[in-house]
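Residue numbers for the sequence shown follow our numbering, so the first one is 806 and each next one is one higher. Even glycine gets a Cβ: it sits at the ideal position worked out from N, Cα and C. For clarity, every value in this text was computed on a predicted model and none was experimentally measured. The structure under discussion appears below in the form of C-alpha coordinates.
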Amino acid sequence: MSKIVFLHSQSPRSGHNFMAEVIRLLIDCASPLGKTSEIPLAGTLDFINKTFKTHHPSAQADSYIRDLLLKDLRVSILENQTQNVLIKYTSFAGVEFLKEQFPNDYHLLLIRDPRDVLVSQFKAKRNNDLKHLTKRLLYPFGVYHFSYSRKYSKSILSALPNLNEMTFFTYEDLVEKDTSTLEKLIDLFGANLSVKALSEAMDAIEIINTSFYKEETLAGKLWESSPKTKQFKPIHRTKGFNKLQLFGIVLGSHEIRKKLGYI
806 MSKIVFLHSQ
816 SPRSGHNFMA
826 EVIRLLIDCA
836 SPLGKTSEIP
846 LAGTLDFINK
856 TFKTHHPSAQ
866 ADSYIRDLLL
876 KDLRVSILEN
886 QTQNVLIKYT
896 SFAGVEFLKE
906 QFPNDYHLLL
916 IRDPRDVLVS
926 QFKAKRNNDL
936 KHLTKRLLYP
946 FGVYHFSYSR
956 KYSKSILSAL
966 PNLNEMTFFT
976 YEDLVEKDTS
986 TLEKLIDLFG
996 ANLSVKALSE
1006 AMDAIEIINT
1016 SFYKEETLAG
1026 KLWESSPKTK
1036 QFKPIHRTKG
1046 FNKLQLFGIV
1056 LGSHEIRKKL
1066 GYI
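Put into C-alpha coordinates, the structure is as follows:
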(Lines of atoms letter the chains of each structure in order from A and count residues from 1; the text may use other names and numbers.)
(Lines give C-alpha, C1' and ligand atoms only; values in the text may rest on other atoms or scores of the structure.)
Protein backbone atom coordinates (compact mmCIF):
# COMPACT_ATOMS: atom_id res chain seq x y z
CA MET A 1 0.00 0.00 0.00
CA SER A 2 1.30 3.45 -0.92
CA LYS A 3 2.37 5.89 1.75
CA ILE A 4 3.03 9.61 1.95
CA VAL A 5 6.47 10.93 2.78
CA PHE A 6 6.24 14.38 4.34
CA LEU A 7 9.53 16.28 4.31
CA HIS A 8 9.82 19.66 6.02
CA SER A 9 12.90 21.82 6.37
CA GLN A 10 13.28 24.88 8.60
CA SER A 11 13.31 27.35 5.69
CA PRO A 12 14.39 27.79 2.07
CA ARG A 13 18.10 27.07 1.47
CA SER A 14 18.13 24.25 4.03
CA GLY A 15 18.99 21.52 1.53
CA HIS A 16 15.56 19.94 1.23
CA ASN A 17 15.89 19.25 -2.50
CA PHE A 18 19.05 17.28 -1.79
CA MET A 19 17.28 15.42 1.02
CA ALA A 20 14.39 14.66 -1.35
CA GLU A 21 16.79 13.10 -3.84
CA VAL A 22 18.26 10.94 -1.06
CA ILE A 23 14.75 9.78 -0.14
CA ARG A 24 14.10 8.85 -3.77
CA LEU A 25 17.11 6.55 -3.62
CA LEU A 26 15.50 4.68 -0.73
CA ILE A 27 11.84 4.51 -1.64
CA ASP A 28 9.89 4.65 -4.88
CA CYS A 29 8.02 7.95 -4.71
CA ALA A 30 6.81 10.84 -6.83
CA SER A 31 5.94 14.45 -6.04
CA PRO A 32 2.43 15.55 -7.09
CA LEU A 33 3.55 18.77 -8.82
CA GLY A 34 7.06 17.94 -9.94
CA LYS A 35 10.38 17.10 -8.29
CA THR A 36 11.14 20.60 -6.97
CA SER A 37 7.55 21.50 -6.03
CA GLU A 38 6.71 22.90 -2.60
CA ILE A 39 3.28 22.20 -1.09
CA PRO A 40 2.40 24.03 2.18
CA LEU A 41 -0.08 21.38 3.30
CA ALA A 42 0.98 21.32 6.97
CA GLY A 43 0.76 25.08 7.44
CA THR A 44 -2.55 25.27 5.60
CA LEU A 45 -4.19 22.54 7.69
CA ASP A 46 -2.79 24.01 10.90
CA PHE A 47 -4.15 27.45 9.97
CA ILE A 48 -7.59 25.99 9.28
CA ASN A 49 -7.50 24.09 12.58
CA LYS A 50 -6.50 27.13 14.64
CA THR A 51 -9.00 29.40 12.88
CA PHE A 52 -11.77 26.86 13.37
CA LYS A 53 -11.09 26.72 17.12
CA THR A 54 -11.63 30.48 17.46
CA HIS A 55 -15.30 29.93 16.55
CA HIS A 56 -15.82 27.64 19.56
CA PRO A 57 -17.93 25.07 17.69
CA SER A 58 -20.06 22.48 19.43
CA ALA A 59 -18.67 18.96 19.64
CA GLN A 60 -21.09 17.87 16.92
CA ALA A 61 -20.12 20.73 14.59
CA ASP A 62 -16.44 20.10 15.31
CA SER A 63 -16.75 16.45 14.32
CA TYR A 64 -18.79 17.27 11.20
CA ILE A 65 -16.38 19.87 9.83
CA ARG A 66 -13.29 17.82 10.60
CA ASP A 67 -14.77 14.86 8.75
CA LEU A 68 -15.69 17.15 5.88
CA LEU A 69 -12.20 18.62 5.51
CA LEU A 70 -9.86 15.92 6.74
CA LYS A 71 -11.46 12.47 6.71
CA ASP A 72 -10.76 11.56 3.08
CA LEU A 73 -7.76 13.81 2.55
CA ARG A 74 -5.26 10.97 2.58
CA VAL A 75 -7.36 9.01 0.12
CA SER A 76 -7.48 12.04 -2.17
CA ILE A 77 -3.69 12.46 -2.06
CA LEU A 78 -3.02 8.82 -2.87
CA GLU A 79 -5.84 8.41 -5.38
CA ASN A 80 -4.66 7.01 -8.72
CA GLN A 81 -1.09 6.80 -7.41
CA THR A 82 0.96 3.72 -8.18
CA GLN A 83 3.90 5.06 -6.17
CA ASN A 84 4.42 6.55 -2.75
CA VAL A 85 3.94 10.32 -2.64
CA LEU A 86 6.58 12.81 -1.50
CA ILE A 87 5.29 16.16 -0.26
CA LYS A 88 7.83 18.71 0.90
CA TYR A 89 7.88 22.27 2.13
CA THR A 90 10.31 24.79 3.56
CA SER A 91 8.75 25.45 6.97
CA PHE A 92 8.04 23.60 10.20
CA ALA A 93 4.68 25.35 10.64
CA GLY A 94 1.96 22.80 11.34
CA VAL A 95 4.13 19.67 11.25
CA GLU A 96 2.86 18.39 14.61
CA PHE A 97 -0.79 18.75 13.58
CA LEU A 98 0.02 17.09 10.25
CA LYS A 99 1.54 14.13 12.09
CA GLU A 100 -1.69 13.76 14.08
CA GLN A 101 -3.74 13.67 10.89
CA PHE A 102 -1.45 11.24 9.05
CA PRO A 103 -0.15 8.96 11.84
CA ASN A 104 0.78 6.04 9.59
CA ASP A 105 2.88 7.99 7.08
CA TYR A 106 6.46 9.22 7.14
CA HIS A 107 7.21 12.59 8.73
CA LEU A 108 10.78 13.80 8.33
CA LEU A 109 12.35 17.10 9.35
CA LEU A 110 15.56 18.50 7.92
CA ILE A 111 17.72 20.89 9.93
CA ARG A 112 20.69 22.88 8.68
CA ASP A 113 22.99 25.24 10.57
CA PRO A 114 21.11 28.57 10.42
CA ARG A 115 24.40 30.34 9.85
CA ASP A 116 24.96 28.52 6.55
CA VAL A 117 21.30 28.91 5.58
CA LEU A 118 21.55 32.66 6.09
CA VAL A 119 24.84 32.91 4.19
CA SER A 120 23.08 31.21 1.29
CA GLN A 121 20.07 33.51 1.54
CA PHE A 122 22.24 36.62 1.61
CA LYS A 123 24.06 35.34 -1.47
CA ALA A 124 20.74 35.66 -3.31
CA LYS A 125 19.80 38.95 -1.64
CA ARG A 126 23.03 40.56 -2.76
CA ASN A 127 21.65 40.70 -6.29
CA ASN A 128 17.92 40.90 -5.71
CA ASP A 129 17.24 42.76 -2.48
CA LEU A 130 19.62 45.73 -2.30
CA LYS A 131 17.66 48.42 -4.10
CA HIS A 132 16.83 50.28 -0.90
CA LEU A 133 19.45 52.93 -0.10
CA THR A 134 19.50 52.11 3.63
CA LYS A 135 20.32 48.49 2.95
CA ARG A 136 23.09 49.51 0.57
CA LEU A 137 24.65 51.74 3.22
CA LEU A 138 24.40 49.20 6.04
CA TYR A 139 25.23 46.07 4.04
CA PRO A 140 29.07 46.23 4.28
CA PHE A 141 28.98 46.67 8.07
CA GLY A 142 26.84 43.66 8.96
CA VAL A 143 24.00 45.68 10.53
CA TYR A 144 21.46 44.51 7.98
CA HIS A 145 22.79 40.95 8.32
CA PHE A 146 22.28 41.06 12.09
CA SER A 147 18.76 42.48 11.84
CA TYR A 148 17.62 40.00 9.20
CA SER A 149 19.26 37.05 11.00
CA ARG A 150 17.54 37.93 14.27
CA LYS A 151 14.15 38.05 12.52
CA TYR A 152 14.94 34.73 10.86
CA SER A 153 15.83 33.21 14.23
CA LYS A 154 12.58 34.32 15.84
CA SER A 155 10.55 33.09 12.87
CA ILE A 156 12.04 29.59 12.99
CA LEU A 157 11.70 29.39 16.77
CA SER A 158 8.01 30.29 16.55
CA ALA A 159 7.31 27.25 14.35
CA LEU A 160 9.81 24.82 15.86
CA PRO A 161 8.13 21.57 17.00
CA ASN A 162 9.23 19.34 19.85
CA LEU A 163 12.15 17.62 18.14
CA ASN A 164 12.07 14.80 20.70
CA GLU A 165 8.79 13.67 19.16
CA MET A 166 9.85 14.04 15.53
CA THR A 167 12.17 12.17 13.16
CA PHE A 168 14.79 14.65 12.05
CA PHE A 169 18.07 14.70 10.19
CA THR A 170 20.74 17.33 9.77
CA TYR A 171 21.96 18.51 6.40
CA GLU A 172 25.53 18.32 7.65
CA ASP A 173 25.23 14.60 8.47
CA LEU A 174 23.73 13.98 5.05
CA VAL A 175 26.38 15.72 2.96
CA GLU A 176 29.15 14.18 5.09
CA LYS A 177 27.41 10.80 4.67
CA ASP A 178 27.52 10.01 8.37
CA THR A 179 27.25 6.23 8.73
CA SER A 180 24.68 6.24 11.55
CA THR A 181 22.53 8.72 9.62
CA LEU A 182 22.56 6.60 6.48
CA GLU A 183 21.77 3.48 8.53
CA LYS A 184 18.86 5.32 10.15
CA LEU A 185 17.45 6.26 6.74
CA ILE A 186 17.85 2.73 5.37
CA ASP A 187 16.09 1.26 8.42
CA LEU A 188 13.34 3.88 8.32
CA PHE A 189 12.31 3.01 4.77
CA GLY A 190 13.27 -0.66 4.93
CA ALA A 191 15.45 -0.18 1.87
CA ASN A 192 17.39 -3.12 0.45
CA LEU A 193 20.56 -1.06 0.19
CA SER A 194 23.91 -1.06 1.95
CA VAL A 195 25.44 2.05 3.48
CA LYS A 196 28.21 1.90 0.90
CA ALA A 197 25.76 1.65 -2.00
CA LEU A 198 23.69 4.54 -0.66
CA SER A 199 26.81 6.64 -0.15
CA GLU A 200 27.94 6.04 -3.73
CA ALA A 201 24.48 6.85 -5.09
CA MET A 202 24.43 10.10 -3.10
CA ASP A 203 27.70 11.14 -4.73
CA ALA A 204 25.92 11.15 -8.07
CA ILE A 205 23.12 13.50 -6.97
CA GLU A 206 23.18 16.73 -8.93
CA ILE A 207 23.09 20.01 -7.03
CA ILE A 208 20.65 22.81 -7.87
CA ASN A 209 22.63 26.00 -8.43
CA THR A 210 20.72 28.34 -6.14
CA SER A 211 22.74 28.15 -2.94
CA PHE A 212 26.15 27.66 -4.52
CA TYR A 213 28.61 29.49 -6.73
CA LYS A 214 29.18 28.56 -10.36
CA GLU A 215 32.59 27.02 -9.71
CA GLU A 216 31.00 24.67 -7.14
CA THR A 217 28.51 23.16 -9.58
CA LEU A 218 29.50 24.47 -13.03
CA ALA A 219 25.81 25.20 -13.62
CA GLY A 220 25.16 28.11 -15.95
CA LYS A 221 21.71 29.16 -14.73
CA LEU A 222 20.31 29.76 -11.26
CA TRP A 223 17.93 26.76 -11.16
CA GLU A 224 20.04 24.46 -13.31
CA SER A 225 21.09 21.12 -11.81
CA SER A 226 24.67 20.04 -12.22
CA PRO A 227 27.18 17.63 -10.63
CA LYS A 228 29.15 19.16 -7.76
CA THR A 229 32.85 19.86 -8.28
CA LYS A 230 35.83 19.51 -5.95
CA GLN A 231 35.23 23.12 -4.89
CA PHE A 232 31.74 22.27 -3.60
CA LYS A 233 31.56 23.45 0.01
CA PRO A 234 28.14 23.14 1.67
CA ILE A 235 29.28 23.58 5.29
CA HIS A 236 30.90 26.54 7.09
CA ARG A 237 30.52 28.82 4.11
CA THR A 238 32.23 32.23 4.16
CA LYS A 239 32.95 33.16 0.55
CA GLY A 240 31.72 36.62 -0.44
CA PHE A 241 31.26 37.93 3.12
CA ASN A 242 33.50 40.10 5.27
CA LYS A 243 34.09 39.56 9.00
CA LEU A 244 31.49 42.13 10.07
CA GLN A 245 28.81 40.55 7.91
CA LEU A 246 29.60 37.06 9.20
CA PHE A 247 29.62 38.37 12.78
CA GLY A 248 26.20 39.95 12.21
CA ILE A 249 24.83 36.64 10.94
CA VAL A 250 26.30 34.65 13.85
CA LEU A 251 25.09 37.16 16.45
CA GLY A 252 21.61 37.48 14.97
CA SER A 253 21.09 33.72 14.66
CA HIS A 254 22.58 32.85 18.07
CA GLU A 255 19.27 31.86 19.68
CA ILE A 256 18.10 29.46 16.98
CA ARG A 257 21.59 27.97 16.51
CA LYS A 258 21.73 27.25 20.24
CA LYS A 259 18.25 25.72 20.21
CA LEU A 260 19.18 23.43 17.31
CA GLY A 261 22.45 22.39 18.95
CA TYR A 262 24.92 24.10 16.64
CA ILE A 263 26.55 26.03 19.51
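Any idea which residues DSSP pairs residue i with across the strands?
{"i": "Ile-892", "result": "Phe-811"}
{"i": "Thr-975", "result": "Ile-916"}
{"i": "Tyr-911", "result": "Val-810"}
What residues in its chain sit with their C-beta under 7 angstroms from that of residue i, if we drop five residues either side in the sequence?
{"i": "Thr-986", "result": "Phe-974, Asp-978, Leu-979"}
{"i": "Leu-988", "result": "Note that residue 988 is Glu in the sequence shown here, rather than Leu. For Glu-988, where only same-chain residues beyond five positions count, the Cβ hits under 7 angstroms are Val-1000."}
{"i": "Ser-1004", "result": "Lys-982, Leu-987"}
{"i": "Gly-1045", "result": "Lys-928"}
{"i": "Ala-964", "result": "Ser-896, Phe-897, Ala-898"}
{"i": "Leu-923", "result": "Ser-954, Tyr-957, Ile-1054, Ser-1058"}
Can you find a CB in chain C that lies within less than 8 angstroms of the CB of residue i?
{"i": "Tyr-894", "result": "Of the protein chains in the structure, only one exists, and it is not chain C."}
Would you grab the beta carbon distance between residue i and residue j for me? Rounded to a whole angstrom, and I think it's under 8 angstroms.
{"i": "Arg-917", "j": "Tyr-976", "result": "4 angstroms"}
{"i": "Phe-927", "j": "Asn-854", "result": "Not quite, the Cβ-Cβ distance comes to about 34 angstroms (not below 8 angstroms), so this is no contact."}
{"i": "Gln-886", "j": "Leu-850", "result": "Incorrect: roughly 20 angstroms between the Cβ atoms, too far for contact."}
{"i": "Ser-952", "j": "Arg-818", "result": "Actually they do not touch by this definition, with Cβ atoms about 18 angstroms apart."}
Which of the three DSSP states, helix, strand or coil, is assigned to residue i?
{"i": "Ala-898", "result": "coil"}
{"i": "Ala-835", "result": "strand"}
{"i": "Tyr-953", "result": "helix"}
{"i": "Tyr-1067", "result": "coil"}
{"i": "Phe-852", "result": "helix"}
{"i": "Thr-984", "result": "helix"}
{"i": "His-1041", "result": "coil"}
{"i": "Arg-818", "result": "coil"}
{"i": "Phe-1046", "result": "coil"}
Could you pull out every residue in the same chain whose Cβ sits closer than 8 angstroms to the Cβ of residue i, ignoring the five residues on either side in sequence?
{"i": "Ile-892", "result": "Ile-809, Val-810, Phe-811, Leu-812, Ser-836, Pro-837, Ile-844, Leu-846, Ile-882"}
{"i": "Ile-870", "result": "Phe-857, Pro-862"}
Leaving out five residues on either side along the sequence, give the residues of the same chain with a beta carbon under 6 angstroms from the beta carbon of residue i.
{"i": "Ser-958", "result": "Ser-1058, Glu-1060, Ile-1061"}
{"i": "Gln-1050", "result": "Gly-947, His-950"}
{"i": "Leu-830", "result": "Ala-1006"}
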